[in-house]
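*Asks:* First the structure, then my questions, so here it is.
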Amino acid sequence: MLKSLAISNYALIESLEISFPDGLIIITGETGAGKSILLGAISLLLGSKAEKEILKDSEKNCVVEALFTIERGAETDAIFIENSLEPTDEILLRRVVSPNGRTRSFVNDEPVSIQFLKDISEKIIDIHAQHEHLLIGDSRFQLSVLDSYAGNFQILEKYQNCWLKVKDLEKEFDSLNRQLIAEEQEREYNMFQFRQLEEAKLTPGELEEKEAEFNLLSNAEEIKSSLFQIIELINPNGVSLVQNLKEITGIAQKNSKSLPLLGQLSERSEICRIEIKEIEREITSVAESVTIDPERTLLLEQRLSHLYDLQKRYKADSIEHLIQIKEDISAKLKTGENIKERLNYTQNELNNQKLELKKIAEELSTSRIDASHGFASGMQSRIRELEMPHAVFEVKIDQNRDYGYYGKDSLSLFFSANRNVPSKELSRVASGGELSRIMLCLKAIMAKGRGMPTMIFDEIDIGVSGSIAEKMGSLIGDLSDSMQVFAITHLPQIASKGECHLLVYKDILNGSTVTKIKKIENEERVMEIARMLSGKELTQAAIANAKVFLSD
4 MLKSLAISNY ALIESLEISF PDGLIIITGE TGAGKSILLG AISLLLGSKA
54 EKEILKDSEK NCVVEALFTI ERGAETDAIF IENSLEPTDE ILLRRVVSPN
104 GRTRSFVNDE PVSIQFLKDI SEKIIDIHAQ HEHLLIGDSR FQLSVLDSYA
154 GNFQILEKYQ NCWLKVKDLE KEFDSLNRQL IAEEQEREYN MFQFRQLEEA
204 KLTPGELEEK EAEFNLLSNA EEIKSSLFQI IELINPNGVS LVQNLKEITG
254 IAQKNSKSLP LLGQLSERSE ICRIEIKEIE REITSVAESV TIDPERTLLL
304 EQRLSHLYDL QKRYKADSIE HLIQIKEDIS AKLKTGENIK ERLNYTQNEL
354 NNQKLELKKI AEELSTSRID ASHGFASGMQ SRIRELEMPH AVFEVKIDQN
404 RDYGYYGKDS LSLFFSANRN VPSKELSRVA SGGELSRIML CLKAIMAKGR
454 GMPTMIFDEI DIGVSGSIAE KMGSLIGDLS DSMQVFAITH LPQIASKGEC
504 HLLVYKDILN GSTVTKIKKI ENEERVMEIA RMLSGKELTQ AAIANAKVFL
554 SD
């Protein structure tokens with residue numbers, strides 16, 4: 004229930020604080036006094052859109068704050084837990100609108116999203132605003148009333164969770180199917196590329212090795228000739244430089260005792276001899292290894308040409324890059340196979356969920372059909388009590404072609420207010436006053452079915468008067484026995500019900516018009532009821548009637 008409300012800098016409200024009791028709270032006031040402003044502030048707190056134009060002082064924040072007690076349950080706890088909050092039996096909601104139009108929302112001083120306010124408000128309060136009777140023609144609203152009567156909340160939640168899973172699986176299936184079609188379109192080309200690179204038998208470093216070998220073979224004759232020319236220079240005219248150095252070494256060594264310098268020259272000559280001999284040996288070995296092989300040269304040329312073509316075709320700068328491209332293509336081909344597996348799995352899951360959805364939808368439909376007879380009978384009895392003695396109220400349930408968020412059922416409400424007049428769709432035949440009475444009955448059923456702790460009726464009595472208003476007031480009063488009810492009304496028959504009566508009025512503060520609210524009782528309440536009976540010119544008869552209303 005709503006325990007207290009504080010509003011500052013909202014429209015004509017400068018500052019307002021008020022506490023509320025259990026049961027029925029009546030709110031009255033002259034037209035334009037600000038009753039709708041009060042309701043607007045509460046709606047703002049519950050997540051409605053905020054505009055910076057609501058600021059009374061454009062340079063200050065607007066703050067709306069309310070304290071609620073709530074009945075803990077799995078659904079309400081889940082809302083808190085999903086928002087990383089600790090569930091509590093009492094919550095303080097606060098919404099702040101800054102001069103730039105930005106808003107901040109809090110619960111128990113912890114920041115929360117607007118969605119949290121909307122989610123939690125559905126569990127703690129129901130507001131019947133003016134013109135909400137237009138909802139009577141809305142199939143979803145009609146179903147929600149019947150589900151409230153039937154107590155279908157758990158099965159409906161189960162159905163909706165299953166329906167959402169089906170929709171998610173359908174989206175996933177469509178996405179995978181599109182991916183698979185795209186993969187299949189590219190698969191043939193990817194397979195051709197993979198086979199081409201696979202058949203090339205690429206190995207890291209191959210290009211450099213083949214280029215080196217090709218350069219050697221393609222210049223083999225010239226290289227071999229150059230090597231033999233070097234060998235001839237080492238042995239000019241058949242005279243061996245190695246042998247000559249050997250003899251030089253011996254001669255120098257022989258005379259080194261007489262001339263020590265020759266000993267050093269002998270050592271250096273020996274070093275030169277050994278080095279030239281090694282050079283001669285290596286050159287001879289290389290010369291013998293260099294072969295002239297036209298066939299091998301041709302094969303290398305063809306292989307290199309093929310590798311160069313592959314690099315150009317795939318825009319690769321190395322053999323290693325080509326190998327990576329081949330591996331990437333292979334991964335794409337495997338991805339296609341994975342998509343097929345995921346698609347098959349998703350298809351099976353979707354089929355299973357659709358079967359489950361069908362099962363739950365049938366269970367939900369059966370519950371609605373079973374409840375519809377009692378619902379129609381109960382509504383008809385309630386409506387007849389509101390001075391429509393010949394009213395007929397009927398419920399018709401059809402099956403839609405497709406499954407929707409609220410099931411496969413389509414609900415239509417039929418109504419006739421007069422004897423022997425065939426019933427027709429409610430929204431098309433009921434007058435404004437009739438709709439007000441019917442909506443009150445529907446709201447009463449919804450509130451009791453959903454266990455709603457607080458309801459606000461904003462002029463639900465539009466289009467009615469006299470004894471009908473008296474009976475509507477009694478119905479609202481009965482409803483307040485099991486919940487907290489706010490009734491914003493312009494009818495004295497309703498305003499006289501309940502023990503708590505709040506008056507909304509305008510006042511002048513510092514030269515500015517402001518909206519205020521106060522609790523009235525005793526003589527003040529008598530005078531307010533009298534005003535509602537006779538207008539501004541109070542008469543003794545109106546005062547007397549007001550006292551009668553309040554004494555009933």
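Using the numbering used here, the first residue of the sequence shown is number 4, and each one after it goes up by one.
Positions of the beta carbon are idealized from the N, C-alpha and C atoms, including for glycine.
A quick note: this is a predicted structure, and the numbers were derived from the prediction, not measured.
Considering only residues of the same chain and omitting the five flanking positions on each side of Ile286, which have a CB-CB separation below 7 Å?
*Replies:* Leu230, Ile233, Ile234
*Asks:* Nearest to Tyr409 by alpha carbon, out of Asn240, Gln145, Gly381, Met442?
*Replies:* Gln145
*Asks:* In angstroms with no decimal places, state the Cα-to-Cα distance between Glu365 and Arg371.
*Replies:* 10 Å
*Asks:* Tell me the DSSP secondary structure of Thr252 in three-state form.
*Replies:* Three-state DSSP puts Thr252 in a helix.
*Asks:* Using CA atoms only, rank isn't needed, just tell me which of Leu512, Pro495, Gly480, Ile322 is closest to Gly501.
*Replies:* Gly480
*Asks:* Quick one: give me the first and last residue of the beta strand (DSSP E) that Lys509 is part of.
*Replies:* Boundaries of the beta strand (DSSP E) around Lys509: 503-512.
*Asks:* Look up Arg276 in the DSSP assignment and say whether it is helix, strand or coil.
*Replies:* helix
*Asks:* Determine, using beta-carbon pairs with one atom in the stretch 85-94 and one in the stretch 146-159, whether at least three such pairs fall under 8 Å.
*Replies:* Below 8 Å, too few C-beta pairs join the stretch 85-94 and the stretch 146-159 to call them touching: fewer than three.
*Asks:* Taking the Cβ atom as the reference point for each residue, do Ile16 and Ala44 lie within a distance shorter than 9 Å?
*Replies:* yes
*Asks:* For the alpha helix (DSSP H) containing Glu526, name the first residue and the last one.
*Replies:* Counted as a single uninterrupted DSSP element, the alpha helix (DSSP H) harbouring Glu526 occupies residues 525-537.
*Asks:* Give the DSSP-derived three-state secondary structure of Thr518 in the structure shown.
*Replies:* strand
*Asks:* In this structure, how does DSSP classify Pro207 when only helix, strand and coil are distinguished?
*Replies:* coil
*Asks:* Near Glu273, which residues of its chain fall below 6 Å by C-beta distance, leaving aside the five closest residues on each side in sequence?
*Replies:* Thr252
*Asks:* Taking the C-alpha atoms as reference points, what is the distance between Val551 and Cys503?
*Replies:* 17 Å
*Asks:* Quick one: using the 10 Å Cβ neighbour count with 16 as the cut-off for buried, is Ser419 buried or exposed?
*Replies:* buried
*Asks:* What three-state label does DSSP hand Asp171 in the structure shown?
*Replies:* helix
*Asks:* What's the gap between the Cα of Pro24 and the Cα of Leu346?
*Replies:* 59 Å
*Asks:* Since Leu553 is in the beta strand (DSSP E), which residue starts that stretch and which ends it?
*Replies:* Annotation: Leu553 is outside any beta strand (DSSP E); the continuous alpha helix (DSSP H) that includes it extends over 543-554.
*Asks:* Taking the beta carbon of Ala77 as the centre, do at least 16 other beta carbons fall within 10 Å, making it buried, or is it exposed?
*Replies:* exposed
*Asks:* Roughly how many angstroms separate the alpha carbons of Gln214 and Phe195, rounded to a whole number?
*Replies:* Correcting the residue identity first, residue 214 is Glu in this sequence and not Gln. Glu214 and Phe195 have their C-alpha atoms some 27 Å from each other.
*Asks:* Could you tell me if Val529 is buried or exposed, where buried requires 16 or more neighbouring beta carbons within 10 angstroms of its beta carbon?
*Replies:* By the neighbour-count rule (16 or more Cβ atoms within 10 Å), Val529 is buried.
*Asks:* What would DSSP say about Gly266, mapped onto helix, strand or coil?
*Replies:* helix
*Asks:* Going by the DSSP bridge assignment, what does Cys65 pair with across the sheet?
*Replies:* Answer is Val100, bridged to Cys65.
*Asks:* Please report how far the alpha carbon of Met486 lies from the alpha carbon of Glu175, in whole angstroms.
*Replies:* 45 Å
*Asks:* So the candidates are Lys399, Val99, Lys59, Leu445; which of them puts its Cα closest to the Cα of Glu428?
*Replies:* Lys399
*Asks:* According to DSSP, which residues form a beta bridge with Gln487?
*Replies:* Beta-bridge pairing links Gln487 to Thr457.
*Asks:* Relative to the C-alpha of Glu526, which candidate in Ala547, Lys539, Cys275 has its C-alpha closest?
*Replies:* Ala547
*Asks:* Could you spell out the range, first to last residue, of the alpha helix (DSSP H) harbouring His476?
*Replies:* Looking at the sequence shown, residue 476 is not His but Gly. 469-482 is the span of the alpha helix (DSSP H), which, as asked, contains Gly476.
*Asks:* Only counting runs of 4 or more residues, tell me where the alpha helix (DSSP H) segments fall wholly within the stretch 74-100, in order along the chain.
*Replies:* Taking 4 residues as the shortest admissible run, the stretch 74-100 contains the following complete alpha helix (DSSP H) segments, listed from N- to C-terminal end: 77-85.
*Asks:* What span of residues does the beta strand (DSSP E) with Glu113 cover, start to end?
*Replies:* 113-115 is the span of the beta strand (DSSP E), which, as asked, contains Glu113.
*Asks:* How should Ala185 be labelled, buried or exposed, when 16 other C-beta atoms within 10 angstroms of its C-beta is the threshold for buried?
*Replies:* exposed
*Asks:* Within the continuous alpha helix (DSSP H) that includes Tyr13, where are the two ends?
*Replies:* Unbroken run through Tyr13 is the beta strand (DSSP E), 5-13; no alpha helix (DSSP H).
*Asks:* In whole angstroms, give me the CA-to-CA distance for Gln350 and Ser51.
*Replies:* 41 Å
*Asks:* Using a Cβ-Cβ cut-off of 7 Å (strictly less than) and excluding sequence neighbours within five positions of Gly32, which residues of its own chain qualify?
*Replies:* Lys38, Leu506, Val507, Tyr508
*Asks:* Does the stretch 353-364 come close enough to the stretch 440-453 to have 3 or more Cβ pairs within less than 8 Å?
*Replies:* no
*Asks:* Going along the chain, which residues of its own chain have a beta-carbon closer than 7 Å to the beta-carbon of Glu278, five neighbours each way excluded?
*Replies:* The beta carbon of Glu278 sits closer than 7 Å to none of the beta carbons in its chain outside the five residues before and after it.
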